[in-house]
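Heads up: the sequence shown begins at 0 in numbering that gives the first Met the number 0, then just goes up one per residue.
Glycine is no exception: its CB is placed at the ideal position from the N, C-alpha and C atoms.
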Amino acid sequence: MDGKNLSYSSRNYLDFIYRQSTQTGYVRPVDISNGLHVAKPSVTRAVKILETEGMVRKDPRGGIGLTVLGTAVARISRNKREILRIFFDRTIGDRCTLSDQEMNRIAYSISDEAIRAIEEYLQKAGPENSIIQKAAFR
Numbered sequence: 000m001d002g003k004n005l006s007y008s009s010r011n012y013l014d015f016i017y018r019q020s021t022q023t024g025y026v027r028p029v030d031i032s033n034g035l036h037v038a039k040p041s042v043t044r045a046v047k048i049l050e051t052e053g054m055v056r057k058d059p060r061g062g063i064g065l066t067v068l069g070t071a072v073a074r075i076s077r078n079k080r081e082i083l084r085i086f087f088d089r090t091i092g093d094r095c096t097l098s099d100q101e102m103n104r105i106a107y108s109i110s111d112e113a114i115r116a117i118e119e120y121l122q123k124a125g126p127e128n129s130i131i132q133k134a135a136f137r
């Protein structure tokens, strides 16, 4: 499993768990419920799906953590958004006011080939794109 078959909703849960765990080191179902503004039963279902896909694991105290695979998939998703954000900022500029939700939808929908092409374009555009080195999609 490489995460490509995850639904948009599952990807949002995975991304939230990743962000929360990097900020606090620990994620509880209630954190997900509050952070994504969803009911606790929805969190339970989503975590079960992610667990089945090998993306998360639950600890005995009820915490939720990412597996190595889950971390890798979440990082790729984050990197896609960073590359897209840079691309839109550089090509459209201040007129680009995409919300996080819009950016997530684009990142979810865009192919790996398209992201690589955008990344190559930005790298050729000049040294001011040094952030691309950190966000490189691999």
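Assigned secondary structure, residue i (DSSP; H/G/I helix, E/B strand, else coil)
{"i": "Met55", "result": "Here residue 55 turns out to be Val, not Met, going by the sequence shown. Three-state DSSP puts Val55 in a strand."}
{"i": "Leu65", "result": "strand"}
{"i": "Gly34", "result": "helix"}
{"i": "Gly92", "result": "helix"}
{"i": "Leu46", "result": "First, the residue type needs correcting, since residue 46 is Val and not Leu in the sequence shown. It is helical."}
{"i": "Tyr25", "result": "coil"}
Terminal residues of the beta strand (DSSP E) in which residue i lies
{"i": "Leu5", "result": "That residue, Leu5, is in no beta strand (DSSP E); it is neither H nor E in DSSP."}
Boundaries of the alpha helix (DSSP H) in which residue i is found, first to last residue
{"i": "Ala124", "result": "111-124"}
{"i": "Ala106", "result": "99-108"}
Any non-hydrogen atom of the ligand ADP closer than 6 Å to residue i Cβ
{"i": "Tyr107", "result": "The ligand ADP is absent from the structure shown, which contains no ligands of any kind."}
Beta carbon proximity, residue i to chain B, threshold 7 Å
{"i": "Asp88", "result": "Among the chains in the structure shown there is no chain B, since it carries only a single protein chain."}
How about the stretch 48-66 and the stretch 5-19: do they share at least three Cβ pairs that are nearer than 8 Å? yes
Do three or more CB pairs link the stretch 72-80 to the stretch 99-113 at distances below 8 Å? yes
Can we say the stretch 57-71 touches the stretch 24-38, given the rule of at least three CB pairs closer than 8 Å? yes
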